[in-house]
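Contents: one structure, followed by commentary.
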Amino acid sequence: YDGHKLVNAMSEKLDLDGDGEEAEKAREARDEALKGLLERFERVLSDRVGQVRTSTRLEDSPVCLVIPDGGLAPHIERLMRAQKLGMPPQKRVLEINPEHPLIKRLDTLNSDAKNVGDVSEWIEVLYDQALLAEGSPLEDPAALAKRLTTLMSKAAGV
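Numbering-wise (our numbering), the sequence shown opens with residue 2 and increments by one.
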């Protein structure tokens, strides 16, 4: 429009840092700083997401799901599956906000081997939160409720 290329805000191609080598170097530095946590996210969610990386689009949210290059918007994908067109679910890209306090805390917890279980539970909760935020159904709402109860109990010291 008016000399500007229109891009879906949910697309992985959205570039808020601007084009160029400097923006790519900044992303690589963010990814390197959180390498251990990104790897943990990828291990926990390997069957559901195609890639985990840091985000330039998030400010308030800790995570979001974005459409891979050439992928379909979540609502279109749901419509096609409802029509029984034999469409397998696509693996989307999970972006994490490196500046969010929860992500920073998870990175700290992830560096201690005794917290592996808790970090994995938080990752599952964050993935479910990203699904809810985009309007997608949860794979297992009961599992989310159980995880939330467990994590809140630990946080409350019970």
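Even for Gly, the Cβ is constructed at its ideal location relative to N, Cα and C.
Nearest Cα to Leu152 within the set Leu35, Leu127, Arg58: Leu127.
Rounded to whole angstroms, the separation of the alpha carbons of Leu145 and Lys92 is 20 Å. Using a Cβ distance threshold of 8 Å, Leu35 and Pro99 count as a contacting pair.
Here the alpha carbon of Gly118 sits roughly 38 Å from the alpha carbon of Glu22. Measuring C-alpha to C-alpha distances from Leu149 to each of Val120, Ser47, Pro138, Leu38 identifies Val120 as the nearest.
Short of 8 Å from the beta carbon of Pro69, and not among the five residues preceding or following it, lie these beta carbons of its own chain, in chain order: Glu13, Gly51, Gln52, Gln91, Lys92, Arg93, Val94.
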